[in-house]
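Enquirer:
2 protein chains.
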Amino acid sequence: MLSIQAALDTLPRTPELLSTEVCSLDVSHNRILAEPIIAPENSPPFPKSLMDGFAVAADTLRMPPGADGFVTLNVVATLLAGQIPAVTLNPGQAIRIMTGAVVPEGAAAVVPIEQTRFDETQPALVSVQPQQLQPGLNILAEGANVTAGAVLLDRGVALHPGRIAALAEFGIAQVPLHRRPQVAVLPTGDEVVHYTQDPPPGHIRNSSQPMLAAQTLAAGAVPHLLHPVRDQPQLLADSIRKGLQSDVLLLTGGVSMGTHDFVPRELENAGVAKVFHGVQMKPGKPLWFGQWSTQNHTCYVFGLPGNPVSSLVCFELFVRPLLCRLQGLPDPPRHTARLTSPFSVRGNRPVCQPARLFLQNGVLHATPLRWTVSADLNAITSADGMVLLDPEQPRADDTQIADAWYWYR
Amino acid sequence: MLSIQAALDTLPRTPELLSTEVCSLDVSHNRILAEPIIAPENSPPFPKSLMDGFAVAADTLRMPPGADGFVTLNVVATLLAGQIPAVTLNPGQAIRIMTGAVVPEGAAAVVPIEQTRFDETQPALVSVQPQQLQPGLNILAEGANVTAGAVLLDRGVALHPGRIAALAEFGIAQVPLHRRPQVAVLPTGDEVVHYTQDPPPGHIRNSSQPMLAAQTLAAGAVPHLLHPVRDQPQLLADSIRKGLQSDVLLLTGGVSMGTHDFVPRELENAGVAKVFHGVQMKPGKPLWFGQWSTQNHTCYVFGLPGNPVSSLVCFELFVRPLLCRLQGLPDPPRHTARLTSPFSVRGNRPVCQPARLFLQNGVLHATPLRWTVSADLNAITSADGMVLLDPEQPRADDTQIADAWYWYR
Numbered sequence: 001m002l003s004i005q006a007a008l009d010t011l012p013r014t015p016e017l018l019s020t021e022v023c024s025l026d027v028s029h030n031r032i033l034a035e036p037i038i039a040p041e042n043s044p045p046f047p048k049s050l051m052d053g054f055a056v057a058a059d060t061l062r063m064p065p066g067a068d069g070f071v072t073l074n075v076v077a078t079l080l081a082g083q084i085p086a087v088t089l090n091p092g093q094a095i096r097i098m099t100g101a102v103v104p105e106g107a108a109a110v111v112p113i114e115q116t117r118f119d120e121t122q123p124a125l126v127s128v129q130p131q132q133l134q135p136g137l138n139i140l141a142e143g144a145n146v147t148a149g150a151v152l153l154d155r156g157v158a159l160h161p162g163r164i165a166a167l168a169e170f171g172i173a174q175v176p177l178h179r180r181p182q183v184a185v186l187p188t189g190d191e192v193v194h195y196t197q198d199p200p201p202g203h204i205r206n207s208s209q210p211m212l213a214a215q216t217l218a219a220g221a222v223p224h225l226l227h228p229v230r231d232q233p234q235l236l237a238d239s240i241r242k243g244l245q246s247d248v249l250l251l252t253g254g255v256s257m258g259t260h261d262f263v264p265r266e267l268e269n270a271g272v273a274k275v276f277h278g279v280q281m282k283p284g285k286p287l288w289f290g291q292w293s294t295q296n297h298t299c300y301v302f303g304l305p306g307n308p309v310s311s312l313v314c315f316e317l318f319v320r321p322l323l324c325r326l327q328g329l330p331d332p333p334r335h336t337a338r339l340t341s342p343f344s345v346r347g348n349r350p351v352c353q354p355a356r357l358f359l360q361n362g363v364l365h366a367t368p369l370r371w372t373v374s375a376d377l378n379a380i381t382s383a384d385g386m387v388l389l390d391p392e393q394p395r396a397d398d399t400q401i402a403d404a405w406y407w408y409r
Numbered sequence: 410m411l412s413i414q415a416a417l418d419t420l421p422r423t424p425e426l427l428s429t430e431v432c433s434l435d436v437s438h439n440r441i442l443a444e445p446i447i448a449p450e451n452s453p454p455f456p457k458s459l460m461d462g463f464a465v466a467a468d469t470l471r472m473p474p475g476a477d478g479f480v481t482l483n484v485v486a487t488l489l490a491g492q493i494p495a496v497t498l499n500p501g502q503a504i505r506i507m508t509g510a511v512v513p514e515g516a517a518a519v520v521p522i523e524q525t526r527f528d529e530t531q532p533a534l535v536s537v538q539p540q541q542l543q544p545g546l547n548i549l550a551e552g553a554n555v556t557a558g559a560v561l562l563d564r565g566v567a568l569h570p571g572r573i574a575a576l577a578e579f580g581i582a583q584v585p586l587h588r589r590p591q592v593a594v595l596p597t598g599d600e601v602v603h604y605t606q607d608p609p610p611g612h613i614r615n616s617s618q619p620m621l622a623a624q625t626l627a628a629g630a631v632p633h634l635l636h637p638v639r640d641q642p643q644l645l646a647d648s649i650r651k652g653l654q655s656d657v658l659l660l661t662g663g664v665s666m667g668t669h670d671f672v673p674r675e676l677e678n679a680g681v682a683k684v685f686h687g688v689q690m691k692p693g694k695p696l697w698f699g700q701w702s703t704q705n706h707t708c709y710v711f712g713l714p715g716n717p718v719s720s721l722v723c724f725e726l727f728v729r730p731l732l733c734r735l736q737g738l739p740d741p742p743r744h745t746a747r748l749t750s751p752f753s754v755r756g757n758r759p760v761c762q763p764a765r766l767f768l769q770n771g772v773l774h775a776t777p778l779r780w781t782v783s784a785d786l787n788a789i790t791s792a793d794g795m796v797l798l799d800p801e802q803p804r805a806d807d808t809q810i811a812d813a814w815y816w817y818r
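Protein chains in written order, with the working numbering: chain A, 1 to 409; chain B, 410 to 818.
1. For ALA575/B and SER452/B, what's the separation of their Cα atoms in angstroms?
2. Please give me, in chain order, every unbroken run of the alpha helix (DSSP H) with length at least 4 that falls completely inside the stretch 339-385 of chain A.
3. Assign ASN499/B to one of three DSSP states: helix, strand, or coil.
4. Which value, in whole angstroms, describes the spacing of the CA atoms of CYS299/A and ILE32/A?
5. If you measure between the beta carbons of THR99/A and SER49/A, is that distance less than 7 Å?
6. Return no unless some Cβ of chain A is closer than 7 Å to the Cβ of VAL688/B.
7. Residues in its own chain within less than 6 Å of GLY737/B by CB, not counting five upstream and five downstream?
8. At the 7 Å Cβ level, is MET1/A part of the contact set with chain B, yes or no?
9. Just mark GLY290/A as buried or exposed, buried being the case when its beta carbon has 16 or more other beta carbons within 10 Å.
10. Could you tell me the boundaries of the beta strand (DSSP E) in which LYS683/B lies?
11. If you drop the 5 nearest sequence neighbours on each side, which residues of the same chain put their C-beta closer than 8 Å to that of ARG779/B?
12. Looking at the secondary structure, which residues open and close the beta strand (DSSP E) in which THR661/B lies?
13. Interface residues of chain A around VAL511/B at Cβ under 7 Å?
14. DSSP three-state call for GLY571/B: helix, strand or coil?
15. Closer than 7 Å by beta-carbon distance: list the chain A residues that pair up with ASN757/B, in chain order.
16. Grab me the residues of ALA813/B's own chain with a C-beta within less than 8 Å of its C-beta, minus the 5 sequence neighbours each way, in chain order.
17. Contact defined as beta carbons within less than 8 Å: I believe PRO286/A pairs with ALA221/A. What is the distance between those atoms, to the nearest angstrom?
18. Quick one: give me the first and last residue of the alpha helix (DSSP H) that ALA433/B is part of.
19. Secondary structure at ASP9/A, three-state DSSP: helix, strand or coil?
20. Alpha carbon to alpha carbon, how far is ALA490/B from PRO201/A? Give it in angstroms, no decimals.
21. State the start and end residues of the unbroken beta strand (DSSP E) segment that holds LEU17/A.
22. In terms of alpha-carbon separation, which member of ILE504/B, GLN769/B and ASP435/B lies closest to THR481/B?
23. Quick one: complete beta strand (DSSP E) runs, 3+ long, within the stretch 96-127 of chain A?
24. Note down, in chain order, each residue of its chain lying with its Cβ closer than 6 Å to the Cβ of ALA184/A, except the 5 sequence neighbours on either side.
25. Between GLU41/A and chain B, is the shortest Cβ-Cβ distance under 7 Å, so that the two count as touching?
26. Closest by CA to ILE573/B, which one among GLY715/B, CYS432/B, SER791/B and PRO777/B?
27. So within the stretch 184-249 of chain A, which uninterrupted beta strand (DSSP E) runs reach at least 3 residues, ignoring any that extend past its ends?
28. How would you list, in chain order, the residues of chain A whose beta-carbon sits under 8 Å from the beta-carbon of LEU731/B?
29. If you check the beta carbons only, do PRO187/A and THR259/A fall under 7 Å apart?
30. Does any C-beta atom of chain B lie closer than 7 Å to the C-beta of LEU364/A?
31. Is there at least one Cβ from chain A nearer than 7 Å to ARG614/B's Cβ?
32. Quick one: what's PRO585/B bridged to in DSSP?
33. Is it buried or exposed, HIS160/A, if we count other Cβ atoms within 10 angstroms and call 16 or more buried?
34. Answer with yes or no whether the minimum CB distance from ILE380/A to chain B is below 7 Å.
35. Against chain A, does GLY491/B count as a neighbour if the rule is that its beta carbon must be under 7 Å from one of theirs?
36. Taking the DSSP output, what are the residues bridged to GLY462/B?
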């Protein structure tokens with residue numbers, strides 16, 4: 001049986017990336033860029049005033065000031081943001097200018113209004129202090145932010161709000177994105193019914209499917225919910241065939257060693273090449289992973305355990321990195337957390353223990369949640385991550401450090 | 410002018426929560442529960458086998474074992490998951506049982522198959538070791554997880570995938586959620602055009618609106634994009650009136666001291682009660698905040714600065730906590746981060762410096778990004794958070810600790 005690391009190492013490191021689709025920027029939030037974006041023009045596209053004040057001619061900087069340090073200039077125009085300068089500044093002249101307006105030709109600096117002497121009743125004159133000025137002061141030169149042709153954003157980055165702003169500034173309204181991974185979710189088992197159905201005696205509702213659908217959404221992918229299927233080879237085969245049309249197929253249940261655990265056999269009958277079955281971990285030991293490829297389509301297939309916490313953990317540990325890689329993203333980070341109290345686990349397998357993770361004074365802490373099959377609900381409703389604990393290495397109380405993963409992000 | 414903390418203190422601490430709407434669990438991911446959810450039944454709803462093996466009668470535990478430690482029982486039936494026991498276990502009897510199946514009456518424990526002596530060619534007999542057994546072994550009692558009537562989830566929690574699983578287990582297909590906050594975004598300014606338009610000379614595209622729309626989505630709210638409006642009082646008044654129908658109205662631009670900064674005046678003309686104008690911070694100094702209330706509707710109004718980084722910072726610092734509170738959520742956490750290199754800021758105002766935040770060895774680090782108006786784009790494309798730096802308190806190199814916030818989460 002593979003160790004966790006050995007199992008992770010079987011995931012394709014650089015799978016063929018999902019194809020590109022062009023989408024409106026308006027619906028691109030959190031999507032992944034499939035191509036680098038080149039700045040199509042200079043930013044800003046014109047020299048821009050950074051202040052409300054007065055643009056002064058170049059000779060102003062060399063003017064000998066009066067005893068009070070000021071020189072007086074003739075105000076020849078007012079420029080609002082959005083207006084085009086109709087005049088060029090000549091020596092001895094100033095133009096009243098607002099933040100964001102185009103700085104006119106001949107201007108060497110913009111003096112903020114509060115640093116001038118200016119009387120609204122005599123708007124044709126303004127006094128400024130030449131010794132306070134340098135060329136370019138309060139002027140954002142054309143292209144100072146980015147010059148046309150520079151790489152604005154690289155491929156493989158997620159379009160968060162700041163990046164959307166950058167694209168909008170250049171009018172890039174259509175963006176090349178990786179198609180979102182399509183993830184089919186197929187619950188199996190004679191005892192499970194769809195969660196909206198009343199379970200007959202001896203049956204339970206399937207809670208893994210809506211959970212995995214939400215995990216899929218949280219991973220930026222699109223869930224496809226297949227109807228729960230009974231433990232009957234032919235029914236299973238039919239549903240598997242449907243699921244293989246997706247990029248990733250997740251089955252739940254039927255992967256243990258019971259007499260009615262038909263999932264591994266039916267997956268192999270369907271032509272899915274087994275990569276591994278069984279991982280030395282708890283929960284998640286029966287995990288099955290394989291790959292189905294035709295000439296122009298690959299589907300990665302996970303047989304997840306039937307217990308919801310096991311499915312959840314296997315999704316976060318194995319499925320999520322694959323979903324990231326299919327879009328050219330790095331794997332979700334593995335962190336180091338300090339346990340809030342000593343916590344030990346029994347058995348002979350490393351344990352992925354549901355935990356509450358939080359930052360305190362800038363240090364990542366984890367409170368492992370007592371998870372047993374009889375305390376499933378508390379663990380999955382309260383946890384937002386997990387820590388990896390090794391039963392063979394009891395730790396001293398003051399060195400309770402463990403690998404940790406956030407869930408759902 | 411208010412300090413950052415004084416400005417934050419003016420936000421309503423416990424605003425009237427947004428009304429409740431009942432939604433399908435299938436579309437409830439990341440939504441906020443408006444009412445506590447009570448478990449309507451026991452979980453599990455029946456005593457459940459946790460192993461593939463044999464359910465044994467109660468007397469088995471008291472049987473004197475043979476010299477090899479084993480006793481032999483009669484296998485009277487097989488129970489698969491989803492099947493209802495048709496028999497009761499009598500002394501000396503066992504039932505073959507699969508994981509998830511209902512444990513039959515009279516059974517005291519389930520013995521995993523690998524701990525038995527069992528020959529598939531003689532399926533009517535099984536041998537087990539009484540001394541290895543305790544009552545209830547490998548049986549999950551009815552209600553062991555949760556008993557009917559217990560609080561399953563409290564109000565004000567976000568429905569992450571684990572919580573969705575918990576609700577699905579109980580067949581709770583309709584859930585009471587807080588309505589998502591409706592956020593109108595209104596760009597203003599003579600120089601700005603919608604980002605999909607070609608800007609005439611002297612104009613720029615408005616990049617703040619798609620950015621704020623994405624920030625709104627990331628905060629779990631719904632953006633309403635109003636068309637950019639020119640700096641004309643009547644046009645502004647009309648658009649403000651539309652925007653006030655939302656829960657939150659965000660304007661960008663027009664809040665500084667320029668001759669055409671009409672936003673504060675038009676907001677007050679529209680009946681919005683000013684709470685503050687101006688915060689002792691950089692960027693974000695011209696921030697305006699007010700509240701508009703009628704008998705049955707309140708709209709919180711933010712006049713954000715026109716610069717996109719300023720808008721972004723003000724949203725994360727002021728708007729996002731309010732959006733959380735409207736849904737009964739706690740404020741976004743303020744963390745403590747260690748700066749990766751000495752970083753100082755100039756001026757007389759605390760600076761919200763865009764930064765890259767990351768965990769290294771379990772410690773939160775921040776790399777502040779050189780942000781100037783001429784390096785906007787780099788800061789907002791690379792940053793995923795911000796640190797608060799005080800120009801008046803230069804720090805020693807080895808104590809570069811700062812308050813930090815993640816953006817967009």
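Backbone N, C-alpha and C fix where the C-beta goes; we use that ideal spot for every residue, glycine too.
Expert: Concretely, from the data shown:
1. 10 Å
2. 376-382
3. coil
4. 20 Å
5. yes
6. no
7. LEU426 and GLY565
8. no
9. buried
10. 682-686
11. ASN787 and ALA788
12. 657-661
13. GLY202
14. helix
15. Simply none; closest approach about 14 Å.
16. ARG743, HIS744, THR745, ALA746, ALA764, LEU766, LEU773, ALA775, GLY794, MET795, VAL796 and LEU797
17. PRO286/A to ALA221/A, Cβ: 23 Å. No contact.
18. It is Ser, not Ala, that sits at residue 433/B in the sequence shown. Per DSSP, SER433/B belongs to no alpha helix (DSSP H); it is in the beta strand (DSSP E), 429-433.
19. helix
20. 11 Å
21. No beta strand (DSSP E) contains LEU17/A, which DSSP labels as neither H nor E.
22. ILE504/B
23. 107-112
24. HIS224, LEU226, GLY243, SER246 and LEU249
25. no
26. CYS432/B
27. 222-225
28. Result: empty, since nearest Cβ-Cβ is about 17 Å, beyond 8 Å.
29. no
30. yes
31. yes
32. VAL431/B
33. buried
34. yes
35. yes
36. ILE506/B and PRO521/B
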